[in-house]
Amino acid sequence: MSQHRTPPSFAFPVLVGDIGGTNARFALLESPDAELKIFPFAATVDYFGPAEAIEAVVLPTGARPKTLIVALAGPITGDSVKLTNCPWVFEPRKLIERLGLADVILLNDFEAQALALPSLKDGDLKQIGRGEIRPEAPKVVLGPGTGLGVGILAFAAGMWIPLPGEGGHVTLAPETPRDFAIWKYITRIDGRVTAESVLSGPGMLNLYTAIARADGVEPAYHNPPEVTAGAKAGDARAQETEKLFARHLGAVAGDFALTALARGGVFLAGGVSQKIEAALSEGSFRAAFEDKAPHRRLTESIPTFLITHSGPALLGLSDFARRPASYGVDLKGRRWTV
């Protein structure tokens, strides 16, 4: 087998997109050296699909992209890709015809988050706890949002290689007596409590509701923003929700740190993480992350960070478009051309 790899090349302008369960974000790269032009968010509920969103948000500015590189919240399984937490369907061949594109590339959303990690600067990050990044060591990114995304970035053969997956659907187990009391009331998926069942925006509401029912009271809040607002206002159950959320996120992050031997750091992405920064910083997140006997000394040495950059997935996709030779992205079955 040949050891040589021909990196892909793309026709510019390149439109990059980050499609989540709630919002679609687009940005335009006119050339490899151009600044990234970011467009306003498009709420996925407002549009039938991606073509309509691009036609409403991007094309009226005069932009005429030739390549579309999109990160999707779900696995790429064929010529018609249904998102996990959104009714949109991506059909690349139809997008090429309708929008006059030369190329459409679909990647996993946390593959794109992982691609951004080498480009993040000190001002884009807040370290939580101790540990130091080991250069060119594997990195892990987790992001609670509409779901729970997980991505791994490994360095090999002179390239950063993103490893997509569905790590948000690993099993999440109770650990303390209080957890066991609460877990009776956690809404399950086919009988399972997954990490995403608790460690996501909807999961936070799921956790809060379970805490209230374990205490024998009716829930006072009915959406995730109400829970975070209640915590800031001093509501004890909402505050417990955030603290337990942070602790279990730390435990899951530590599990993935061990799985990937992520001496390059573990990074928290997504709007939920930023909204509960205080809870993540108070100590329980890092304590749970490090509590991995018999490998505590290993996890103590691995740094953890909150990503404060507003659009890391767009940053990762645009960096891939600028310097495709620096990244080992597998495009088989995920690139459609004219």
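Residues in the sequence shown are numbered consecutively from -12, following our numbering.
Using N, Cα and C, we set each Cβ at its ideal position, and we do this for glycine too.
- The C-beta distance from residue 173 to residue 197 rounds to 5 Å, short enough to fall under 8 Å.
- For residue 191, DSSP records no beta bridge to any residue.
- The beta carbon of residue 72 lies closer than 7 Å to those of 8, 60, 133, 134 in the same chain, with the five residues before and after it left out.
- Remark: C-beta atoms of residue 236 and residue 211 do not approach each other more closely than 8 Å.
- If you draw a straight line from the Cα of residue 323 to the Cα of residue 92, it comes to about 6 Å.
- Contact between residue 218 and residue 207 does not hold, since their C-beta atoms are separated by about 12 Å, which reaches or exceeds 8 Å.
- With a beta-carbon spacing of about 6 Å, residue 38 and residue 86 fall inside the 8 Å limit used to define contacts.
- Restricting attention to alpha helix (DSSP H) runs no shorter than 4 residues, the stretch 87 to 162 encloses them at 96 to 103, ordered along the chain.
- The criterion of a C-beta distance shorter than 8 Å is satisfied by residue 149 and residue 138.
- Residue environment analysis places residue 214 among the buried positions, since at least 16 neighbouring C-beta atoms fall within 10 angstroms of its C-beta.
- Inter-segment contact for the stretch 302 to 320 and the stretch 262 to 273 is absent: fewer than three beta-carbon pairs are separated by less than 8 Å.
- For residue 180, the three-state secondary structure derived from DSSP is coil.
- Cβ contact annotation for residue 223 (same chain, cutoff 7 Å, sequence separation greater than five): none.
- The three-state reading of DSSP puts residue 24 in strand, counting E and B together.
- For residue 165, the three-state secondary structure derived from DSSP is helix.
- Burial state of residue 41 is buried, judged by a 10 Å Cβ sphere holding 16 or more other Cβ atoms.
- Bridge partners of residue 1 according to DSSP: 16, 54.
- If you ignore the 5 residues before and after residue 52, its C-beta comes within less than 8 Å of the C-beta of 0, 1, 2, 15, 45, 86, 88, all in its own chain and listed in chain order.
- For residue 215, the enclosing alpha helix (DSSP H) begins and ends at 211 to 219.
- For residue 80, same chain residues with a beta-carbon under 7 Å away, outside a window of 5 residues either side, are 66, 323 in chain order.
- For residue 142, the closest alpha carbon among the candidates 232, 175, 117, 104 is that of 104.
- By the C-beta density criterion, residue 109 is exposed, having fewer than 16 other C-beta atoms within 10 angstroms.
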